[in-house]
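Worksheet for the structure shown next.
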Amino acid sequence: MATNGADDRNLPRLARIDPRQFDLLFAGCKLERYAAGQHLFVQEDASDRIYGVMSGTVEISIYSPGGQKLVANIELSRSLVGEIGALDGRPRTATAICLTACELVSLSRTQLFDRMEKNPPLARAMIELLCARLRWVSGELGDQAFFGIEARLAKRLVFLSGVMADSAGWIPISQSELGEFLGATRESVNKTLNDWRNRQMIAIKRGGLRITNLAALNHIAESQDDD
427 MATNGADDRN LPRLARIDPR QFDLLFAGCK LERYAAGQHL FVQEDASDRI YGVMSGTVEI
487 SIYSPGGQKL VANIELSRSL VGEIGALDGR PRTATAICLT ACELVSLSRT QLFDRMEKNP
547 PLARAMIELL CARLRWVSGE LGDQAFFGIE ARLAKRLVFL SGVMADSAGW IPISQSELGE
607 FLGATRESVN KTLNDWRNRQ MIAIKRGGLR ITNLAALNHI AESQDDD
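Quick note on numbering: this note's numbering labels position 119 of the sequence shown as 545, and the sequence is numbered without any gaps.
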């Protein structure tokens, strides 16, 4: 997928380790191919591997006991998936599914620790990655507490446009999926998107949307208490 020229400095939510450390971590690993819709692991599974995304898009989701879904993040090329469980050996904290066909590499938990012990900079890189993840979670909690649906949706669209939009600017995502990103109902998302379309801030088509007034969305994203 195209990234519209965005770089990692503008996309803090794409927590990654340095490319050199990524290559060192997965050196010699065989390329694994996964089809769109295939799970890497499911929440509460036993944790035994860490994955590196070479190409494709992986969705990280959390499910409530009642089955309600919240999309926590998406992971793209050169991202790590499953590092928490691989490090502490406890059950998976989320579900990882390939949104597109993906090429991945992976290590067992034993291999991960062996490589970190032999290459101390890898251990530091993993600590920095976990800190980035924690900052992301803290930011999401703050958004939930202090921002209304419009601001949160605007922030999410700006982010997704930077990492998922095609060459024409279309973001391949449904309104139901946007609701899952925000923990909001499809109806509330639909109402807000239709209002923005009428104000010529976005364009909508089946299975996707495109930002047409980035400045206006950025302004909304920075506005608090818009419920």
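Cβ atoms here follow ideal geometry from the backbone N, Cα and C, with glycine treated the same way.
None of these values were measured; they are calculated from a predicted model.
Where the beta strand (DSSP E) containing residue i begins and where it ends
i    : result
T526 : Element bounds for T526: n/a, residue is neither H nor E.
F467 : 465-467
CA-to-CA distance, residue j to residue i, given in whole angstroms
i    : j    : result
G454 : R446 : 14 Å
L533 : R625 : 49 Å
Q481 : L538 : It is Ser, not Gln, that sits at residue 481 in the sequence shown. Rounded to the nearest angstrom, the two C-alpha atoms are 21 Å apart.
G431 : E543 : In this predicted model, G431 has a pLDDT of only 36, less than 50, meaning its place in the structure is not dependable; the value taken from the coordinates is given anyway. Roughly 37 Å between the two C-alpha positions.
G478 : S600 : 26 Å
G565 : E485 : 19 Å
I500 : E509 : 14 Å
E470 : A522 : 11 Å
R561 : I630 : 32 Å
S649 : E576 : 9 Å
A549 : E603 : 35 Å
T638 : G609 : 25 Å
T618 : A580 : 10 Å
R518 : V468 : 7 Å
R435 : G588 : With a pLDDT of only 36 at R435, under 50, the local geometry of the prediction cannot be trusted, and no value is derived from it.
A642 : K456 : 46 Å
Residue interval of the alpha helix (DSSP H) (run including residue i)
i    : result
I646 : 640-647
G478 : Per DSSP, G478 belongs to no alpha helix (DSSP H); it is in the beta strand (DSSP E), 475-481.
N616 : 612-624
R446 : 445-451
G588 : 575-590
A512 : 509-514
Close-in-space but distant-in-sequence residues of the same chain around residue i (CB under 8 Å, 5 per side omitted)
i    : result
G515 : S473, R535
G605 : T611, R612, S614, V615
7 Å Cβ shell around residue i - same chain, five flanking residues per side excluded
i    : result
W622 : I628
R504 : R442, P445, F448, V479
P438 : Unreliable positioning characterises P438 in this predicted model, as indicated by a pLDDT of 40, which lies under 50. The coordinate reading is nonetheless provided below. Excluding sequence neighbours, P438 sits near nothing in its chain.
Exposure label - residue i; buried when at least 16 CB within 10 Å
i    : result
T483 : buried
V563 : exposed
N620 : exposed
G511 : buried
S490 : exposed
I476 : buried
F572 : exposed
L567 : exposed
T461 : At residue 461 the sequence reads Ala, which differs from the Thr that was named. Looking at its Cβ environment, which holds fewer than 16 other Cβ atoms inside 10 Å, A461 is exposed.
L555 : buried
A594 : exposed
R632 : exposed
Residues near residue i by beta carbon distance below 6 Å, same chain, minus five either side
i    : result
H645 : none
L635 : I597, I628
L525 : T483, E485
D433 : Any answer about D433 is weak, because its pLDDT of 39 lies below 50 and its placement is not dependable; what the coordinates show is given next. Closer than 6 Å at Cβ, skipping near neighbours: no residue.
F452 : G478, V531
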